[in-house]
Amino acid sequence: MSRELNSSILPDSDEIFLDNLYDLNTRQRSLNKIDNAEFGWFHIRTCVVAGIGFFTDAYDLFVINFVAVMLNHINDHKSYNRANIDMGLKMSAACGTLIGQLAFGWAADRYGRKKIYGWELSIMIIATLGSAMSSNSFAITTWGSLIFWRFILGIGIGGDYPASAIITSEFATVKKRGAMISAVFAMQGFGILTAGVVSVVTLGAYRDSINKNPMYIDSVWRIILAFGIIPAIIGLYFRVTIPETPRFIMDVLGDVEKAAYDIDNALRLERPFNNKNRLIYAIDAPSSTWKDFREYFSKWENAKILLGTSLSWFVLDISFYGIGLNNAIILQAIGFGDGQTIYSTLWNLSVGNIIITILGTIPGYWCTVILIDKWGRKKIQLMGFAVLTGLFLIWGLIYQHIKQSMAVFITIFSLCQLFQNFGPNTTTFVIPSEVFPTRYRSTGHGISAASGKLGAIIAQVGFLQLKDIGGPNQFVDRLILIFAFFMFFGIFSTLLIPETRGKTLETLSNETPRISVNRKQKRKA
Numbered sequence: 019m020s021r022e023l024n025s026s027i028l029p030d031s032d033e034i035f036l037d038n039l040y041d042l043n044t045r046q047r048s049l050n051k052i053d054n055a056e057f058g059w060f061h062i063r064t065c066v067v068a069g070i071g072f073f074t075d076a077y078d079l080f081v082i083n084f085v086a087v088m089l090n091h092i093n094d095h096k097s098y099n100r101a102n103i104d105m106g107l108k109m110s111a112a113c114g115t116l117i118g119q120l121a122f123g124w125a126a127d128r129y130g131r132k133k134i135y136g137w138e139l140s141i142m143i144i145a146t147l148g149s150a151m152s153s154n155s156f157a158i159t160t161w162g163s164l165i166f167w168r169f170i171l172g173i174g175i176g177g178d179y180p181a182s183a184i185i186t187s188e189f190a191t192v193k194k195r196g197a198m199i200s201a202v203f204a205m206q207g208f209g210i211l212t213a214g215v216v217s218v219v220t221l222g223a224y225r226d227s228i229n230k231n232p233m234y235i236d237s238v239w240r241i242i243l244a245f246g247i248i249p250a251i252i253g254l255y256f257r258v259t260i261p262e263t264p265r266f267i268m269d270v271l272g273d274v275e276k277a278a279y280d281i282d283n284a285l286r287l288e289r290p291f292n293n294k295n296r297l298i299y300a301i302d303a304p305s306s307t308w309k310d311f312r313e314y315f316s317k318w319e320n321a322k323i324l325l326g327t328s329l330s331w332f333v334l335d336i337s338f339y340g341i342g343l344n345n346a347i348i349l350q351a352i353g354f355g356d357g358q359t360i361y362s363t364l365w366n367l368s369v370g371n372i373i374i375t376i377l378g379t380i381p382g383y384w385c386t387v388i389l390i391d392k393w394g395r396k397k398i399q400l401m402g403f404a405v406l407t408g409l410f411l412i413w414g415l416i417y418q419h420i421k422q423s424m425a426v427f428i429t430i431f432s433l434c435q436l437f438q439n440f441g442p443n444t445t446t447f448v449i450p451s452e453v454f455p456t457r458y459r460s461t462g463h464g465i466s467a468a469s470g471k472l473g474a475i476i477a478q479v480g481f482l483q484l485k486d487i488g489g490p491n492q493f494v495d496r497l498i499l500i501f502a503f504f505m506f507f508g509i510f511s512t513l514l515i516p517e518t519r520g521k522t523l524e525t526l527s528n529e530t531p532r533i534s535v536n537r538k539q540k541r542k543a
C-alpha cells in the first residue's frame, strides 16, 4: 500500500519530522502484527463473544414464528384484525432493529466500540423479559405489550450488527478475516435451530396439559420467549470486558503507542507499558465530522461502495425476511402445519422449521465460512443472487403444482435457504465491515444493515397484505416470483462492490494516513 508523505503538511523541524515518521512506522508495524498474526485463542474468543449475540438475535427474531401461531390459538380475535396483529408482531422488531443499526453504528464510531458493546445485550435482556411477561390489562392488550417490547428488543438486536461485525473485523487477520466475520454471523443458524428445538421440547413437556386445556399454550409461548435471556446473560460479561480495538485507538483517538501495546498484549507478546507522563504519538487522521463524512462519500469511488452494500442488503432482506418470518404460513399452506389437535398443529410447525434449518440454513452459513477466504466475498454473493433468481423463478412457477408434494416443496424451500446463507445473506454482513475507513466503518455498516431492515419491513407489509389475494395464501406463488426479480437486481448491485479477499482494511479504505505536524504531548497518569 502506498505511504507517500504529503509535503504540504511536513513540519519544519527535523526532530518533529523524525518523531512523526516513527509514529507512522509504529502504526504500520502494529497493523502488520494484527494482519499477519497466527490464528489463536484470542481470535476464537472474539468470534465466540460476538457470536453469542448473533445466536440470541436470531433466536429472538425468528421465535416469533411459533409464538404468533400459538397466540392465534388462545386469544379471541373477534375485535382484532388477525393479519394486522401478525404484521405488528413481526414488523415491530424490524423497525426497532433499523433504528438500532443506525444509532449504534454511529455511536461506535463516535464513542468507541468497547463503550457501546454490551449495551445492546442489556437492552435485549430487558425487552425479552418484558415480552415474556406481557399480559392483558385495562389499558393495554397482550398484543400491544408484545409489540412494544419487541420494538425495544429490535433496537438491541440492531445495535449488535455493526458492533460485533466491526470488532471482529478490526481484530481479525487478513487471511482469516472473512471466515471470522462469517462465523460470527453463522451463529444465527444455531439460534434459528434452537428456537425450533425449544419449541418442540416445551410443547412436549406440556403435551398432556395442552390436550386437556389448550390455554396451557399461554405458558409455552412465555417460556419460549424467556429462553432468549439465557445466552444474552452469558455473553454480557464477556462483552463488557473485551478490549477496545487498536485501530480505533490509533485512527480515531490517535494514541499509537497505546494501540501498539494492546496489540502485543492481545497476541500475548507482553511488554511493559508506562502510562505516566508518556508521550503521545498520533496519526493526523481526519476527524469524523459531518463535513468530512460528506467529503469522503461525495467521491464516487467511495459512494458507490456504500450504495452497493446498502442496495445488496436491501434486496436480499426482502426475500430473506419475506420467507423467513413467514415459514409457518408457508408450511401451513402445504399442509405441514395441519393437525387433528392444536397440539399436533404446533408440533408439526416446530418440526418443519427444524427440518428446513438443518437441511438448508445451517449448511449454507458454514459453506460460506469454509469458502469465503478461498473464493472471495464478491464471487459468493454473485453466485448466491444468480442461483436464488433461478430457484425463486422455478418455485413460483410450479408452486401450485407441488403443494401436495411435501418432499419436493421442502427440497426447493431448503435450497433457497441454503443459497441465501451460502450467498448474499452472509456476504452482505461481511463486506460492509471491511470497506470503510476506521472512523466510518461502523456507521457505514449500520447504514447498510438498516437498508436491509427497510427491505425486511417492506417484505412484511407486502407479504402479509398480498398473500391472500384471490383466497387464503393464493397469492404466495406470485410473491415468490417478485422475490426472484429482487434477487436478479442484486446481481447488479453487487457489481458496485470491490473484492475484499486478501486485502488489508487500510487498503480498502481508499485513504493514506497523514503525518501529524503537532508536537507530542505528555499524557497525565
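The sequence shown begins at 19 in my numbering and counts up one residue at a time. Don't be surprised by glycine CBs; every beta carbon is placed ideally from N, CA and C.
Item to complete: Express the C-alpha separation of Asn90 and Gly11 in angstroms, rounding to a whole number.
Response: An answer regarding residue 11 cannot be provided, because it is not within the stretch 19 to 543 covered by the chain.
Worksheet item: Excluding the five sequence neighbours on either side, which residues of its own chain have a C-beta within less than 7 Å of the C-beta of Pro442, listed in chain order?
Response: Cβ within range, chain order: Ser330, Leu334, Gln399, Gly402, Phe403, Gly508.
Discussion item. Buried or exposed for Trp308, going by 16 or more other Cβ atoms inside 10 Å?
Written reply: exposed
Worksheet item: In the structure shown, what three-state DSSP assignment does Ile158 receive?
Response: coil
Discussion item. Please tell me whether, using a cut-off of 8 Å, the distance from the CB of Ala468 to the nearest non-hydrogen atom of the ligand GTP is below it.
Written reply: In the structure on display, the ligand GTP does not appear, and there are no ligands present to speak of.
Discussion item. So the candidates are Arg457, Asp269, Leu79; which of them puts its Cα closest to the Cα of Met109?
Written reply: Leu79
Worksheet item: Met151: buried (16+ other C-beta within 10 angstroms of its C-beta) or exposed?
Response: So Met151 counts as exposed.
Worksheet item: By Cβ distance below 7 Å, which residues in the same chain neighbour Gly520 in space, the five residues on each side in sequence not counted?
Response: Answer for Gly520: Val192, listed in chain order.
Practice prompt. Could you check which residue in Met505, Ile416, Arg459, Ile475 has the C-alpha nearest to that of Trp124?
Written response: Arg459
Worksheet item: Which class does Gln206 belong to by DSSP, given the choice of helix, strand or coil?
Response: Gln206: helix per DSSP, three-state reduction.
Worksheet item: Between the Cα of Phe431 and the Cα atoms of Gly414, Thr445, Phe447, Leu514, which residue gives the shortest distance?
Response: The shortest Cα separation from Phe431 among Gly414, Thr445, Phe447, Leu514 belongs to Gly414.
Fill in: Coarse secondary structure for Leu271, derived from DSSP in three states
When DSSP states are grouped into helix, strand and coil, Leu271 belongs to the coil group.
Worksheet item: How many angstroms separate the CA atom of Ile117 from the CA atom of Ala468?
Response: Each residue's alpha carbon lies about 7 Å from the other.
Discussion item. Beta-carbon within less than 7 Å of Ala126's beta-carbon, same chain only, minus the 5 sequence neighbours each way: which residues are those?
Written reply: Ile134, Pro180, Ala181, Ile184, Ser460
Worksheet item: Quick one, which of Ala502, Phe203, Trp167 has its alpha-carbon nearest Ala111's?
Response: Trp167
Fill in: C-beta contact flag for Phe501 and Ile247 at 9 Å
no
Worksheet entry | DSSP-derived helix/strand/coil call for Leu514 | coil
Worksheet item: Along the chain, where does the alpha helix (DSSP H) that runs through Thr307 open and close?
Response: Looking at the DSSP string, Thr307 is not in any alpha helix (DSSP H), and its letter there is neither H nor E.
Item to complete: Measure the Cβ-Cβ separation of Asp226 and Ile92 and say whether it is below 9 Å.
Response: Taking 9 Å as the Cβ cut-off, Asp226 and Ile92 do not qualify as a contacting pair.
Worksheet item: Going by beta carbon distance, what residues of the same chain come within less than 7 Å of Phe506, once the five residues before and after it are set aside?
Response: Scanning its chain for C-beta atoms nearer than 7 Å, with the 5 sequence neighbours on each side dropped, one finds around Phe506 the residues Thr407, in chain order.
Worksheet entry | Distance between beta carbons of Tyr339 and Ala190, contact taken as under 8 Å | About 28 Å separates the two Cβ atoms, so there is no contact after all.
Worksheet item: Within 10 angstroms of its Cβ, does Thr64 collect 16 or more other Cβ (buried), or is it exposed?
Response: buried
Item to complete: Compare the Cα-Cα distances from Gly464 to each of Phe427, Leu324, Ile390 and report the closest residue.
Response: Leu324
Worksheet entry | alpha helix (DSSP H) segment containing Gly414, residue limits | DSSP places Gly414 in the uninterrupted alpha helix (DSSP H) bounded by 395-420.
Discussion item. Between Ile515, Leu433, Phe60, Leu497, which has its C-alpha nearest Thr263's C-alpha?
Written reply: Checked all of Ile515, Leu433, Phe60, Leu497; the closest Cα to Thr263 is Phe60.
Worksheet item: Quick one, which of Phe503, Asp495, Ile449, Leu484 has its alpha-carbon nearest Glu517's?
Response: Ile449
Worksheet item: Between Leu499 and the rest of its own chain, which residues show a CB-CB distance below 6 Å, the 5 nearest in sequence each way excluded?
Response: Gly414
Practice prompt. State the DSSP-derived secondary structure class of Ile134, mapped to helix, strand or coil.
Written response: The answer is helix: DSSP assigns Ile134 an H, G or I state.
Discussion item. Would Ser306 and Arg457 qualify as a contact pair, given that the criterion is a beta-carbon distance under 9 Å?
Written reply: yes
Worksheet entry | Candidates Asn229, Thr522, Gln478: closest to Asn83 by CA position | Gln478
Practice prompt. Please confirm if the stretch 193-203 is in contact with the stretch 139-147, defined as three or more CB-CB distances below 8 Å between the two stretches.
Written response: no
Practice prompt. Return the residue from the list Phe503, Leu389, Ile228 that minimises the CA-CA distance to Leu364.
Written response: Ranking the options by Cα distance to Leu364, first place goes to Ile228.
Worksheet item: Under the rule that 16 or more other beta-carbon atoms within 10 Å means buried, what is Met19, buried or exposed?
Response: Legend: pLDDT at Met19 = 38, less than 50; position of this residue unreliable, value from coordinates given subsequently. Met19 is classed as exposed because its beta carbon has fewer than 16 other beta carbons within 10 Å across all chains shown.
Item to complete: Would you decide whether Asn320 is buried or exposed? Buried here means 16 or more other CB atoms lie within 10 Å of its CB.
Response: buried
Item to complete: Please say whether Val369 and Tyr417 have beta carbons closer to each other than 9 Å?
Response: no
Discussion item. Using only CA atoms, which one of Leu523, Ser527, Asn528 lies nearest to Asn54?
Written reply: Leu523
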